[in-house]
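So that you can map any letter, position 323 of the sequence shown is 325 in the numbering used here, and since no number is skipped, the others follow by simple counting.
Working notes for the structure below.
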Amino acid sequence: MSQTSFYRAFEDRYRGSRDTIKDRLRAYAPFTDPLLRPDAPAVALDLGCGRGEWLELLGESGFDARGVDLDEGMLAACRERGLAAQHGDALAALRAQPDGSLALVSAFHLVEHLPFDLVRELIAEALRALRPGGLLVMETPNPENLTVGATSFYLDPSHLHPLPPGLLGFAAEHAGFARQRIVRLQEDPQLRTGAPLGLINVLEGVSPDYAVVAQKAADPDTLARFDAAFSARWGITLGQLALRYEDQLAGRDAEIHHILARVERHGTDLAQQLASAQAQAQELHHALARLDERIGRAEAHAAEMSQRVVDLLSSTSWRITEPLRRAMTLALRLRSAQREGRIGSGIKTRVKGLVRGAGGAVLRRPGMKRAARAVLRKVPALEARLYTLMLDNSGAARVRLDDEPGELSPRAARAYRQLRQLKQEQARMNDADRH
3 MSQTSFYRAF
13 EDRYRGSRDT
23 IKDRLRAYAP
33 FTDPLLRPDA
43 PAVALDLGCG
53 RGEWLELLGE
63 SGFDARGVDL
73 DEGMLAACRE
83 RGLAAQHGDA
93 LAALRAQPDG
103 SLALVSAFHL
113 VEHLPFDLVR
123 ELIAEALRAL
133 RPGGLLVMET
143 PNPENLTVGA
153 TSFYLDPSHL
163 HPLPPGLLGF
173 AAEHAGFARQ
183 RIVRLQEDPQ
193 LRTGAPLGLI
203 NVLEGVSPDY
213 AVVAQKAADP
223 DTLARFDAAF
233 SARWGITLGQ
243 LALRYEDQLA
253 GRDAEIHHIL
263 ARVERHGTDL
273 AQQLASAQAQ
283 AQELHHALAR
293 LDERIGRAEA
303 HAAEMSQRVV
313 DLLSSTSWRI
323 TEPLRRAMTL
333 ALRLRSAQRE
343 GRIGSGIKTR
353 VKGLVRGAGG
363 AVLRRPGMKR
373 AARAVLRKVP
383 ALEARLYTLM
393 LDNSGAARVR
403 LDDEPGELSP
413 RAARAYRQLR
423 QLKQEQARMN
433 DADRH
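In C-alpha cells form, the structure reads like this:
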C-alpha cells in the first residue's frame with residue numbers, strides 16, 4: 003500500500019463520510035455568506051484541501067473555490083468531482099497569490115502539521131493576500147477537550163503538537179488582523195441542553211475541534227455584515243462543562259444533605275416512638291405482674307376453699323346429717339309440689355312425719371345432735387324450718403327439744419320463741435274446750 007493511499011484511507015475512517023464532513027462545515031456559513039457580493043467575485047483558496055468537501059460546499063454556495071494539497075490520493079478524490087485542486091505546497095501556493103486578491107483563505111487541519119514559525123508565516127501571507135474584510139479560517143483539533151489533547155490528536159502520526167485556542171488566536175491578532183473569533187465545533191448537541199452530566203462528559207464533551215476566524219480590516223459597513231457571526235457564542239469550553247458538573251454535584255450534595263436531615267428527623271421520631279413503646283411495655287409488664295399476683299392469690303384461695311369443701315364432705319357431721327338433708331330436700335320439693343297443686347295433703351303429712359322422725363333420731367343421740375347443730379347453725383333458714391317441723395304438732399311435741407334459746411342462732415331462737423308461744427296458746431284453747 004502506497005503512502006498516499008494510507009492517508010486517504012485514514013481520512014475515510016477517522017474523519018467520516020463526505021456528507022458528514024459537509025454537514026459539519028456548514029457551521030461556517032454565518033461567516034462565509036457575507037463574503038459573497040454581486041459587485042466582485044469571491045475567490046477562495048483552501049490550503050491542504052484533502053478530499054475536497056470544503057471546495058465542493060463553497061462552489062455550491064457561489065465561491066470561486068480553489069485548492070492545493072501534497073497528497074495525490076486526496077487530490078484524486080477532488081478530480082473525481084471536477085474540483086479545482088492542484089498538487090503543491092500550501093504555503094508556496096499562498097505566497098504566489100497577488101495582494102488583496104482573495105476573499106477567503108482556509109486551512110482545515112493543516113496548522114497542526116506545521117512548525118509554529120511556518121504557522122505564523124501562513125497567517126502573515128494570508129493577511130497580505132486577502133482583500134479588505136476578507137477572512138482567514140484555521141481549523142484544528144481542540145486540546146481543551148482532554149480526550150483529544152491526550153489521545154486522539156496523536157492518532158495521526160503526521161501531527162506535530164496541539165495548538166491551544168488562545169495561542170492561535172493571539173498569533174492572528176499579532177499578525178495584524180482586525181479581529182478574531184474562536185469558534186468551537188462538533189460537540190454533542192445534547193450537551194447544549196440542561197441534561198445531567200457525567201464525568202465522561204467533562205473529559206470528552208468539550209468541542210473536539212475549533213477554528214480561529216480572523217478578519218482583515220475594512221470599512222465599518224463591510225465589517226458590520228459579520229458582526230452577528232463574530233458576537234455569537236460558539237461551542238462548549240472545558241470551564242463551562244466543569245462548572246456545570248460542579249453545580250450538579252453541589253445540587254446532589256444539597257439533596258443528599260436534605261435527605262439525610264429527613265432521615266435523622268425520622269430516626270428521632272422513631273426513637274421517641276420506641277421510647278414510648280418501651281414505656282408502655284414496661285407498664286404492661288407491671289400490670290401483668292400485678293395480675294399474676296392476683297391470680298396467684300385467687301388460685302390459693304380457690305385451693306383453700308376446695309380443701310374446705312373436701313374437709314366438709316369428708317367430715318363425720320356431714321355423713322351423719324346426710325339423712326336429715328335428704329329428708330329436708332324431699333320436704334321442700336313436696337311443699338313446692340303441694341303449693342302448685344301437684345300433691346295431696348296426706349302425703350305432706352307423712353313426709354313431715356318422716357322428717358320429724360329423722361330429727362327425733364338425731365336429737366336422741368348426743369353426738370349426732372352436736373354435729374347436726376354445728377351444721378344447721380351455718381344455714382339459719384334450714385335450722386328454723388326444722389325447728390318448726392319438730393314443734394308443729396297437734397298435741398305435745400313429738401320430740402323433746404332440750405335446746406334453750408341462748409344455744410340457737412338469733413333467727414332460730416326467734417322461731418323457737420314464736421313456736422313455743424303458739425304451742426302454749428293452743429294448749430290453753432284445748433283446755434278451755436274440754437271444760
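Cβ coordinates follow ideal geometry from the N, Cα and C atoms, glycine included.
Nothing here was measured: the structure is a model prediction, and the numbers come from that model.
- Remark: C-beta atoms of residue 183 and residue 208 do not approach each other more closely than 8 Å.
- If you compare the alpha carbons of 217, 274, 163, 240 with that of residue 231, the shortest gap goes to 217.
- Nearest to residue 176 by C-alpha distance, out of 121, 229, 38, is 121.
- Between residue 147 and residue 191, the CB-CB gap reaches or exceeds 8 Å.
- Secondary structure of residue 69 (DSSP, three-state): strand.
- Residue state for residue 248 is assigned as helix, using DSSP reduced to three classes.
- Residue 163 sits away from residue 115, with the two beta carbons spaced by 8 Å or more.
- Three or more beta-carbon pairs drawn from the stretch 130-142 and the stretch 101-113 are found closer than 8 Å, and the two stretches are therefore classed as touching.
- When DSSP states are grouped into helix, strand and coil, residue 369 belongs to the helix group.
- With contact defined as three or more Cβ pairs closer than 8 Å, the stretch 22-32 and the stretch 47-66 are in contact.
- Contact between residue 46 and residue 67 holds: CB atoms are separated by about 5 Å, below the 8 Å threshold.
- Secondary structure of residue 40 (DSSP, three-state): coil.
- The beta carbon of residue 70 is closer than 8 Å to those of 47, 48, 49, 50, 51, 87, 88, 89, 90, 91, 92, 95 in its chain, skipping five residues each way along the sequence.
- Contact annotation, residue 44 with residue 38: C-beta distance approximately 5 Å; criterion of less than 8 Å satisfied.
- Residue 431 and residue 305 have their C-alpha atoms spaced approximately 57 Å apart.
- For residue 121, the enclosing alpha helix (DSSP H) stretches over residues 118-131.
- Taking C-beta atoms as the reference points, residue 102 and residue 224 fail to come closer than 8 Å.
- If only complete runs of 4 or more residues are kept, the stretch 126-207 shows the alpha helix (DSSP H) at 148-152, 167-177, 201-206, in order along the chain.
- Put simply, of 75, 132, 358, 201 the residue whose alpha carbon is nearest the alpha carbon of residue 180 is 132.
- Distance from the Cα of residue 251 is smallest, within the candidate group 200, 169, 417, for 200.
- Beta bridge pairing from DSSP links residue 106 with 46, 137.
- Residue environment analysis places residue 124 among the buried positions, since at least 16 neighbouring C-beta atoms fall within 10 angstroms of its C-beta.
- In the DSSP secondary-structure assignment, residue 212 is bridged to 142, 186.
- Residue nearest to residue 63 within the set 35, 81, 286 is 35 (criterion: CA-CA distance).
- The three-state secondary structure of residue 98, taken from DSSP, is coil.
- The C-beta distance from residue 378 to residue 365 rounds to 12 Å, too long to meet the 8 Å contact threshold.
- DSSP, reduced to helix, strand and coil, places residue 87 within a strand of the structure shown.
- Just so you know, the alpha carbons of residue 32 and residue 236 end up roughly 12 Å apart.
- Listed in chain order, the alpha helix (DSSP H) runs fully inside the stretch 215-239 are 222-226, 229-233, counting runs of at least 4 residues.
- When rounded, the separation of the alpha-carbon atoms in residue 297 and residue 268 is 42 Å.
- In the DSSP annotation of this structure, residue 35 is not part of any alpha helix (DSSP H), being labelled neither H nor E.
- For residue 272, the three-state secondary structure derived from DSSP is helix.
- For residue 19, there is no enclosing alpha helix (DSSP H), as DSSP marks it with neither H nor E.
- Its Cα nearest to that of residue 202, the residue 149 stands out among 65, 149, 155.
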